[in-house]
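> Mapping the sequence shown onto the UniProt record's numbering, position 342 (from 1) lands on 342, and the numbers just tick up by one. Beta carbons: idealized from backbone N, C-alpha and C, even for Gly.
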Amino acid sequence: MKLFPSGHATHPQWRMAAALALAQLRAQMALPEYAGAPTLGLLYITDHYAGEAQALLDYLAGELPEVTDWSGTVGVGVAANNAEYFDEPALSVMLLDVPPDQYRVFSGVAPLPLHPVGGFVAHTALVHADGHTPELTELLAEMAARTEAGYLFGGLCASRGASVQFAVGGDGNMAGQGGASGVFDGGLSGVAFGAEVALVSRVTQGCQPVGPLRSVTAAHENVVLQLDGEPALDVLLDTLEVSLDGDPQPALRKVRATLAGLVDAGVQPQGQQRTGHFGTDTRVRHIVGLDGARRGVALGDRVEPGMRLAFCQRNVAAARADLMRICAEIREELEPEELEPVPLASQDQAGRTMAPAPGTAAHGPAAAAAQSGRRIRGAIYVSCSGRGGPHFGGPSAELQIVRHALGDVPLAGFFAGGEIARHHLYGYTGVLTVFT
């Protein structure tokens, strides 16, 4: 099994950026450690190119005729294996070498069937969605139910212009595609993978609990009224060690910097108990208001009695530590060999990958192939548009943490308006998925 070719570039003209990415892809496809004829392409663009999405897709598809299927979307930034392009015209492409009978591209034109068709059974799914889609939460739950594992990963498109999604199924893989252009606006799209496509996925929330996990004992719609039988507002103020008496402004500033981690009723939040960080069982939501009359706390999500809640705060140290934690968990699960990470490609002054020279020796995950039966072939990283380098201390810092932890592996992704993991919609998180 070989590495997935990947390419990325920035340029004011989309055609130049696409040509630079193509040069990287072709150089890698000529190397023995990379897949030479992958059929599934992932394309992520920043919203600077959203108006030219159709022309860009047509260009790449024409230059890579062996790639019969495409999926992707738009973000305010895109990610590569050691760099992020944020708020600038850029694209990131990765070509997945997956057996054609082990994946299906889906969209609103050709949705994923409720029951298996043609022998294909969806096990997991990469999902791109428009955040303005009505009843999106219910649609994600329904989509997860159409997979054996019940696990989705992906995110919501983020754009100041058109919220485009790419979904092209060729070679018979997308019955119902008809004359559709492959560029969509609204709804859900993505790729469903069969059970033979091995992957590992983790969520990093970057939030540190500032109080214990409590039970919601009374609630009304999105307002938490009681926690462990105590007024929720009093619990919040006690946790933050502040008071609204006298001058309330210092207390309100601290409340604005605080969020709430919610766990559904009946779910045991193992992640926080083991690591002190939130896992995929916890959804972080904003505190949107305080109800002084009922001594309640209003959240940006519906709350029901029986749920569990922990107040938390985001900070750079917590975000870095939690991102390194999930990378370590992935490495531990894969049991990789300890090799010195040597880049497969040269870098420019900004740390962005340039096309590798033909004949470059393989290192990192590629060299581990002969020593370990399971290695990373490629990765997809979807991070919140509110995160990115500045939140981690500098340009591309978030992606460099991932690269340092996983090695020089092919990676593509985007900065989203919301992140998807399992059947939940998250915010201010990162979803890292590696193919092995």
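(1) Could you compute how far the alpha carbon of Leu43 sits from the alpha carbon of Leu57?
(2) Considering only their Cβ atoms, is the gap separating Met29 from Pro5 smaller than 8 Å?
(3) What first and last residue would you give for the beta strand (DSSP E) that runs through Ile45?
(4) With C-beta atoms as the reference, is Tyr433 less than 8 Å away from Cys384?
(5) Per the contact definition of three or more C-beta pairs closer than 8 Å, is the stretch 393-409 in contact with the stretch 306-324?
(6) I need the DSSP call for residue 454, collapsed to helix, strand or coil.
(7) Going by Cα to Cα distance, which pick from Leu252, Gln24, Gly51 and Leu40 is closest to Gln13?
(8) What three-state label does DSSP hand Glu333 in the structure shown?
(9) Run through the DSSP bridge pairs and tell me what Trp70 is partnered with.
(10) Could you spell out where the beta strand (DSSP E) holding Met1 opens and where it closes?
(11) Can you tell me whether Asp245 is buried or exposed, with buried defined as 16 or more other CB within 10 angstroms of its CB?
(12) From what residue to what residue does the alpha helix (DSSP H) around Gln400 run?
(13) Going by alpha carbons, who is nearest to Phe120 out of Tyr103, Ala110 and Leu136?
(14) What are the partner residues of Asp185, as DSSP defines its beta bridges?
(15) Which residues mark the beginning and the end of the alpha helix (DSSP H) in which Gly292 is found?
(16) Could you check how far apart the C-beta atoms of Arg302 and Glu221 are, in whole angstroms? I think they sit under 8 Å.
(17) Can you tell me where the beta strand (DSSP E) with Val223 in it begins and where it stops?
(18) In this structure, how does DSSP classify Gln28 when only helix, strand and coil are distinguished?
(19) Please classify Ser243 as buried or exposed, where buried requires at least 16 other C-beta atoms within 10 Å of its C-beta.
(20) Kindly list the residues whose CB is nearer than 6 Å to the CB of Arg374, restricted to its own chain and excluding five residues on each side of it in sequence; keep chain order.
(21) Within its chain, find whatever has a CB closer than 7 Å to the CB of Thr137; leave out the 5 residues flanking it on each side and keep chain order.
The structure says:
(1) Spanning the two alpha carbons is a distance of roughly 8 Å.
(2) A contact, by the Cβ cut-off of 8 Å.
(3) Ile45 -> beta strand (DSSP E) spans Leu40 to Thr46.
(4) The amino acid at residue 433 is misidentified as Tyr; the sequence shows Thr. Their beta carbons are not under 8 Å apart, which means Thr433 does not touch Cys384 by this criterion.
(5) These segments touch.
(6) Limits of the chain in this structure are 1 at one end and 436 at the other, which puts residue 454 out of reach.
(7) Ranking the options by Cα distance to Gln13, first place goes to Gly51.
(8) In this structure, Glu333 counts as helix in the three-state DSSP scheme.
(9) Checking the DSSP bridge columns, you'll see Trp70 partnered with Gly41 and Val168.
(10) From DSSP, Met1 is part of no beta strand (DSSP E); its letter is neither H nor E.
(11) When all chains shown are included, Asp245 counts as exposed.
(12) For Gln400, the enclosing alpha helix (DSSP H) stretches over residues Ala397 to Leu406.
(13) With distances taken between Cα atoms, Phe120 lies closest to Tyr103.
(14) In the DSSP output, where bridge partners are listed per residue, Asp185 has Val164.
(15) Where Gly292 is concerned, there is no enclosing alpha helix (DSSP H), given that its DSSP letter is neither H nor E.
(16) Taking the Cβ atoms as the reference, Arg302 lies roughly 6 Å from Glu221, within the contact range of under 8 Å.
(17) Counting along the chain, the beta strand (DSSP E) containing Val223 begins and ends at Val223 to Leu227.
(18) DSSP, reduced to helix, strand and coil, places Gln28 within a helical segment of the structure shown.
(19) With fewer than 16 Cβ atoms within 10 Å of its Cβ, Ser243 is classed as exposed.
(20) Excluding sequence neighbours, Arg374 sits near Leu334 and Thr436.
(21) Shown here for Thr137: same chain residues with a beta carbon closer than 7 Å to its own, the five before and five after excluded, namely Leu425 in chain order.
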